[in-house]
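Below is one structure; the comments refer to it alone.
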Amino acid sequence: MEINDLILDGLENLQRMIQKGTGGLTPAELKWQPRPDAESIGLLFFHIVRVEDMATHDIQGKKPLWVAEKWYQKLNMSADAGMGHLTPAQIAAFELPKEWQTYAAAVRNSTVKYLKGLKSKDFDRDVVVPPPPGQPAPPAGSTPPPLPFTPTIGG
């Protein structure tokens, strides 16, 4: 299995899990928050799609589809919607547009097209991904801050 096939398989699994977990939810359920400062289910899903869009296009040196194809206008949202640090009021006000699935499909199609065109050697380069909108870039040569948890792979 090639690395791009592994990434594509992981993305397909993520999409299946999200669809299984969110399929049939009402707008009220998508807007539910476990705490006032916690993101809703709809905002989390929207954020996942926005990050995929930004990351996939940043590494290609392109603008994300959100900007390039003016999805923020099509969905009647701001250009920075769903990204950066959101206040509890912004989180509570977030409404997942009905048409977001069209944007999500466009992002996934673009990601799949890009990944299918990569060869193993294409993964042997360093890529600098800029920080999300509203967050400062770390100083050159600095190490990232420690994670607030210990990542564990496997059992």
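Quick note on the working numbering: the sequence shown kicks off at 12 and runs consecutively. Idealized CB from N, CA, C, for every residue including glycine.
Per-residue burial, Gly72 [other beta carbons within 10 Å of its own, 16 or more giving buried]: On the sequence shown, position 61 is the one that residue 72 refers to. Flag for Gly72 reads exposed.
Length of the line joining the Cα atoms of Arg136 and Ile59: Within the sequence shown, numbered from 1, the residue matching residue 136 stands at position 125. Within the sequence shown, numbered from 1, the residue matching residue 59 stands at position 48. Taking the straight line from one Cα to the other gives about 24 Å.
Glu106 to Ile29 span [Cα, whole Å]: Numbered from its first residue, the sequence shown carries residue 106 at position 95. Numbered from its first residue, the sequence shown carries residue 29 at position 18. If you take the alpha carbons of Glu106 and Ile29, they lie about 18 Å apart.
From Ala104, Val123, Lys130 and Lys127, residue whose alpha carbon lies closest to that of Ala49: Here residue 49 is taken as the residue at index 38 of the sequence shown, counted from 1. With distances taken between Cα atoms, Ala49 lies closest to Ala104.
When Ala79, Asn87, Ser121 and Ala92 are compared against Leu54, the one with the closest alpha-carbon: Within the sequence shown, numbered from 1, the residue matching residue 54 stands at position 43. Of the candidates Ala79, Asn87, Ser121 and Ala92, the one whose C-alpha sits nearest the C-alpha of Leu54 is Ala92.
Residues near Ala117 in its chain [Cβ-Cβ closer than 8 Å; skip 5 each side]: To locate residue 117, count along the sequence shown from 1; it is residue 106. Excluding sequence neighbours, Ala117 sits near Leu76, Glu80 and Trp82.
Thr122 and Glu40 closer than 8 Å at C-beta: Taking the first residue of the sequence shown as position 1, residue 122 is located at position 111. Taking the first residue of the sequence shown as position 1, residue 40 is located at position 29. Contact flag unset, no.
Counted within 10 angstroms of its Cβ, other Cβ atoms place His68 as buried (16 or more) or exposed: On the sequence shown, position 57 is the one that residue 68 refers to. Burial call: buried.
Nearest to Phe56 (by Cα), restricted to the options Ala66, Arg46 and Lys42: Taking the sequence shown and counting its residues from 1, one reaches residue 56 at position 45. For Phe56, the nearest C-alpha among the options comes from Lys42.
Sequence-distant residues of the same chain with beta carbon closer than 7 Å to Ile78, five excluded per side: To locate residue 78, count along the sequence shown from 1; it is residue 67. The identity of residue 78 in the sequence shown is Val, whereas the question assumes Ile. Closer than 7 Å at Cβ, skipping near neighbours: Ala90.
Residues near Leu9 by beta carbon distance below 7 Å, same chain, minus five either side: Residue 9 cannot be examined here, being either before or after the span of the chain that is shown, 12 to 166.
Nearest to Met88 (by Cα), restricted to the options Asn24, Arg61 and Ile70: Walking along the sequence shown from the start, residue 88 turns up at place 77. The option with the nearest alpha carbon to Met88 is Arg61.
Minimum length 4: unbroken alpha helix (DSSP H) runs contained in the segment 57-134: 76-79, 82-85, 99-104 and 111-127
Cβ distance (whole Å) where Ser153 is taken to contact Ile14 below 8 Å: The residue labelled residue 153 in the question sits at position 142 within the sequence shown. The residue labelled residue 14 in the question sits at position 3 within the sequence shown. Not really, about 28 Å apart at Cβ, beyond 8 Å.
Distance CB(Ser26)-CB(Arg119) smaller than 8 Å: On the sequence shown, residue 26 is found 15 positions in, with the first residue counted as 1. On the sequence shown, residue 119 is found 108 positions in, with the first residue counted as 1. Here residue 26 is Gln; the residue named in the question, Ser, does not match the sequence. The answer is yes: Cβ separation under 8 Å.
Reduced DSSP secondary structure (H/G/I, E/B, other) of Met28: As a first step, residue 28 is located in the sequence shown; it is residue number 17 there, counting from the start. Three-state result, Met28: helix.
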